[in-house]
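Below you'll find the structure, written out as structure tokens, and then a few comments.
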Amino acid sequence: MYTSSELHRLVREHRPGWTLAQLFYTDRDIFEVEVERFLGPQWMVAGHVSEIPNHGDYFVFEALGASVIVVRAADGEIHALHNVCRHRGAKICEQPSGRASLLRCRYHGWSYRLDGQIAAWRHMPEHLNKSEHALRRCGVSIFEGLILVSLMPEKAPDPAVMLQHVRPYWSRYELAKTRTAAIRHYRLQGNWKLGIENNLECYHCLPSHPEYTTTNAFVRADEQTSETVVESFAAYRQSWEERMRAAGTLTGRSEMITTGGQPCRAGTWPLAPGKLTGSRDGQGVAPLLGRVGGYDESVTTGCIGFLSYMGAMCDHAVQVNYLPQSVDVTLVVLRWLVRADAVEGRDYDADNLCWLWDETTRQDKSIIELNAAGVGSRGYVPGPYSNLESMTQDFVDRYLKLMSEPA
Amino acid sequence: MYTSSELHRLVREHRPGWTLAQLFYTDRDIFEVEVERFLGPQWMVAGHVSEIPNHGDYFVFEALGASVIVVRAADGEIHALHNVCRHRGAKICEQPSGRASLLRCRYHGWSYRLDGQIAAWRHMPEHLNKSEHALRRCGVSIFEGLILVSLMPEKAPDPAVMLQHVRPYWSRYELAKTRTAAIRHYRLQGNWKLGIENNLECYHCLPSHPEYTTTNAFVRADEQTSETVVESFAAYRQSWEERMRAAGTLTGRSEMITTGGQPCRAGTWPLAPGKLTGSRDGQGVAPLLGRVGGYDESVTTGCIGFLSYMGAMCDHAVQVNYLPQSVDVTLVVLRWLVRADAVEGRDYDADNLCWLWDETTRQDKSIIELNAAGVGSRGYVPGPYSNLESMTQDFVDRYLKLMSEPA
Amino acid sequence: MYTSSELHRLVREHRPGWTLAQLFYTDRDIFEVEVERFLGPQWMVAGHVSEIPNHGDYFVFEALGASVIVVRAADGEIHALHNVCRHRGAKICEQPSGRASLLRCRYHGWSYRLDGQIAAWRHMPEHLNKSEHALRRCGVSIFEGLILVSLMPEKAPDPAVMLQHVRPYWSRYELAKTRTAAIRHYRLQGNWKLGIENNLECYHCLPSHPEYTTTNAFVRADEQTSETVVESFAAYRQSWEERMRAAGTLTGRSEMITTGGQPCRAGTWPLAPGKLTGSRDGQGVAPLLGRVGGYDESVTTGCIGFLSYMGAMCDHAVQVNYLPQSVDVTLVVLRWLVRADAVEGRDYDADNLCWLWDETTRQDKSIIELNAAGVGSRGYVPGPYSNLESMTQDFVDRYLKLMSEPA
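Top line first, the protein sequences correspond to chains A, B and C.
The numbers in this note's numbering rise by one with no breaks, and the one at position 385 of the first sequence is 382.
The numbers in this note's numbering rise by one with no breaks, and the one at position 62 of the second sequence is 59.
The numbers in this note's numbering rise by one with no breaks, and the one at position 71 of the third sequence is 68.
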């Protein structure tokens, strides 16, 4: 077990602007400290309300060693309940999703209502009070149709406060009026921080993501691949800003860091000239979202906490989650959202819709796993970040600050 | 490594009448403490004498990280010898069972007699004495044809003392005159204690074991599923007791707890009315055992130590063992015993014989593994036992007492 | 984590002439101490120069938790570079071997010259100096065409000093003028020391290696299987010595133990009468090596450090490496060397060439894994070495001395 003095030494020895020491990526005890200090409280996107439209619909959300039932009750409210019977601790829901009128433990038959309260038990001592044995609750909050879950809500910020400053960026997409068109899982053999470090920089985009680079003009501009590229991007960006301003659409970026270091960030940016959305040919792939009146070559991106990310284009949104399962396994879950009334086959084609981020995520999985293999090798030593990795560097700084605070 | 003070804290924090804290089910160091303190000494049923009828017959018994050769010597005596060469430590017997005149290590050719004494070695220093290098012996004892093995017999009770009070319950079955008709293995992904906790209560029988519940009348009676059921069971039980008394057959229950907390228990109970034995149709499946004169709708159950259990009906017996392999893997081994002269195909059908306990054990494996999944989850907290789980609760109390004693 | 006092106790409790305590074979922390103290510095044979004949040819060598690129640069020099990018730590070469003009990290596109110096990076802070971010170097040395690599060369002896006294035994084979005809890998489920202990004694040859025993006369002679065998071997050996002396060929044995306990040993011995080389029929399998003028029924054997071994016969050489991957997995790599101009199919048949040592290594894998299974069992206790295991005993003594020195 890592003593706090050993952990402090590791934190103290960190060289600012350089990557983390090996043990932060490989040590089981450090992972436990992370969960206790700040991962447990994180607000994570567990799903979208469209995935459980009816009373009794549920899915099971697994992260950080917990299994959570996310279920819609009769009154329409959504609950997040630990998937562990309060009797002897058996797992209750065995399937990844389903529909139920009661949550019933198969072992001894205890059953729970959809809000987690005990519906029935047999032969329990008289002095016990059913109300004290409800399924343990996680924090739940709905933001624009996204179901946020926190395993330790008492240590988490108020989501309303945390999200207020980013709401203006998302509102025109009316994500609450979308539905999940596709969900895909990618099992990452590597520590969760390697996933976040990857997500927060586009220094790797030019060498690793040809499709993403073609879709987003900033990559080549930031890379300064040529003076022409830089200048033409500046001109394009200026005209795009004017167009957006004329249409009354917010651009730029806003950020807030809340309790327990939970970041919340959003911003709206131009795609590449002529790209209406993230698709093979740059043309639309689904009906325009919400109050978006027409394709404006924009993308809105942002994060909710350390682990959940969003990207919305005019006709669909992509939602990305890094769900740590253990110190060296991270489940990456992507969901694609389209307008609630869009019909597959008629209004969109799922493979076409998923193309850009499925390709990009497969590429990321491949390079993050190379990263994990090298970081775990005896030859690894920390290295310096580039000028294009400032957000990754910022993440590492925040992470170390959280790890150095008194428990 | 768990320090004794940390372990003491865990024990002290236990709430009586509630399930154990998570670490007792998941921590490797706690498992090592269990082995040293009381699992190592346990008498376990390794097999039945009929499995090694002839001189040189052996099988390999694996539990608690040990591999043991159980072999019948020329004089008929059965020995239990660590399957580890005294030279460089190679495993000697590689097959699960076989026949041999000498136990020969394939590595350097040392050979041992069937009692473990060295038969031959080459080129050893003159000052070494062969007799000091015999295979290390485990404790062996035969009870009603069952071969009991203890890895640490010096810390174990005398089996004759331990078993004397249960012998009257078993004697009429003459298990020494049976033979093993079938052995089946079930690999349980879960801590051994979850297996024992399951075994010791029938609170789960109504929801989980339809076949068992139909065969055993007490389940619905204890559950008090209706007043009629309770009353008719009471009447049936009384008439059954009278019949048994008239026939001179012992009923009721006896128990003893010996050195190192090894429990030894037996009792005879009625099956359901009309059930001659544990079979699909309630009819007999094999020739009557021993001195059992006729079907009397009874079953005798009991345990030998924490890990081995027995159930005998008029025409066959089932023997169940929970063999811990590591903190989270338990091998469950069942053997079915029939009269020694019974011939498969003529006197019994193996599938019919095994039906009830094979079904029941598969069901138990499934619910115990759900239990293990939930108990290992971050959402687990201890819960309260029901009124129908008193023996499980008693097991947990004894377990904690053993874990809190000075090492 | 093993404290040094616990390790000292284990070392102090060792009984000279007996095998090691269980923890030395199973404890992860002890393995880490071994790597730090003396395994890391070991010179290991990573390959033969013929495997990377051209500029840009490389192979990846993996041992002790490190991944190393062994590559030939434009000037012909061979470099051994940690396969870990100095930026964020990604693994660079993904294939076991290949050809490249630059070593390019796929993640962010940093590229390195074949000597490890940075060829190109983008957008790095101005104050950073490329020369300080070259791939980390391992020690490399070439001995008779064998590429020696040390992960911690600063703690390793000078290979020229270490090897000077064995060079006379190897020189006539001109191994620098051979090429690798075959490489085979054997994954050993067992601690590396069990492999070395096996390698250093032939007490197991008579029971385990019929082919080896037939090829090498000393086995039966040392075993003293009969007086005739002993006497006829003595006579044969004397006449063989005379023949060798007449031909001016060195016989006998030389040894040196250098910094960090690295042994280096060689000796030339007779095969069995009539055996020209290690082959099925005892006849030659490939063109005579180097300056060897004719078959003289000899074999030259030796080691370089603890982990790499060699055996040369008149027409081919076999090179054996025990590459620890973790406390309980060891990769055994064999390479067969033939004269550089030998053509497969015309001058030798690969299966025939590999026969003796492939058979022998499979047999060894089987018995070493039995040994590992037994040594890891709860029943294991150290046992005494025989008179034919003096080199194994000597290895254990040296090992314990290294483990007891101040870190």
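C-beta: ideal position from N, C-alpha, C; glycine also.
It should be emphasised that the depicted structure is a prediction, and the values quoted were computed from it without experimental measurement.
Contact set between the region 84 to 99 of chain C and chain A, restricted to residues whose Cβ is under 9 Å from the partner: H84, R85, G86, A87, K88, I89, E91
Stretch pair the region 20 to 38 of chain B + the region 291 to 298 of chain B: three plus CB contacts closer than 8 Å: no
Run through DSSP, which three-state label would A/T248 get? coil
Against chain A, does B/A370 count as a neighbour if the rule is that its beta carbon must be under 7 Å from one of theirs? yes
Could you pull the start and end residues of the beta strand (DSSP E) that B/G299 belongs to? 295 to 301
Within the same chain, show all residues whose beta-carbon is closer than 8 Å to that of A/E91, passing over the 5 residues directly before and after it, in chain order. R103
Quick check on this structure: which residue in C/S47, C/L273, C/A178, C/R119 has the alpha carbon closest to the alpha carbon of C/D348? C/A178
If we ignore side chains and look at the alpha-carbon of each, how far apart do C/N411 and C/L353 end up? Summary: the structure shown does not reach residue 411 of chain C, with chain C confined to residues -2 through 404, and so no result is reported for it.
If the cut-off is 9 Å on Cβ atoms, which residues from the region 199 to 225 of chain B count as contacting chain A, listed in chain order? Y200, H201, L203, P204, S205, D219, E220, Q221
C-alpha distance - B/A77 paired with B/W333, whole-angstrom precision: 22 Å
So the alpha helix (DSSP H) A/R277 belongs to, where does it begin and stop? Careful: A/R277 lies outside any alpha helix (DSSP H) and carries neither H nor E.
Near B/P321, what residues of its chain come up, given a Cβ to Cβ distance below 7 Å and the 5 sequence neighbours on each side ignored? L36, A60, L61, W189, T327
Based on the DSSP output, what are the partners of A/T175 in its beta bridges? A/R336
Relative to the alpha-carbon of B/R288, which residue among B/P270, B/I365, B/A309 has its alpha-carbon at the smallest distance? B/A309
Note down the Cα distance separating C/Y170 from C/R12, rounded to an integer number of angstroms. 42 Å
Look at C/A63 and C/L148 and say whether their C-beta atoms are less than 7 Å apart. yes
6 Å CB neighbourhood of B/R119 in its chain, flanking five on each side removed: none
Can you tell me where the alpha helix (DSSP H) with B/L20 in it begins and where it stops? 20 to 23
Can you tell me the Cα-Cα spacing of C/M(-2) and A/L17, whole angstroms? Low confidence applies to C/M(-2): its pLDDT is 44, below 50, so where it sits in the model is not reliable, and the reading given next is rough at best. The alpha-carbon atoms of C/M(-2) and A/L17 are separated by roughly 22 Å.
Could you name the residues of the region 105 to 127 of chain A whose beta carbon sits closer than 8 Å to any beta carbon of chain B, in the order they occur along the chain? H105, G106, W118, R119, H120, M121, P122, L125
Which residues, in order along the region 373 to 392 of chain C, keep a beta-carbon less than 9 Å from a beta-carbon of chain B? G373, S374, R375, G376, Y377, V378, P379, G380, P381, Y382, S383, N384, L385, E386, T389
Closer than 7 Å, CB to CB, is A/A43 near chain B or not? no
C/V158 to C/L304, Cα distance in whole Å? 18 Å
Proximity test, Cβ basis, 7 Å: C/G62 and chain A: yes
I need the boundaries of the alpha helix (DSSP H) containing C/L397, first residue and last residue. 387 to 401
Under 8 Å from the C-beta of A/I364: neighbouring residues of chain C: A87, R103, Y104
Do you know whose CA, among B/K88, B/N318, B/T274, lies nearest B/N195's CA? B/N318
Nearest-angstrom Cα distance between C/V226 and C/R69? 50 Å
Interface flag, B/T357 vs chain A, CB-CB below 7 Å: no
Measuring from the CB of C/I75, is there a heavy atom of the ligand PLP at a distance below 6 Å? The ligand PLP is not part of this structure, which contains no ligands at all.
Within 7 Å, strictly: CB atoms of B/H79 and C/G373: no
Residue-level contact to chain C via CB, A/T16, 7 Å cutoff: yes
Inspect the beta-carbon positions of B/I89 and B/V137 and report whether they are closer than 7 Å. no
Going by DSSP, which residues form a beta bridge with B/S64? B/E59
So, with DSSP's three-state summary, where would you put C/M(-2)? Reliability of the predicted coordinates at C/M(-2) is poor, the pLDDT of 44 falling under 50, and no value is obtained from them.
Neighbour flag for A/V335 against chain B, beta carbons, 7 Å: no
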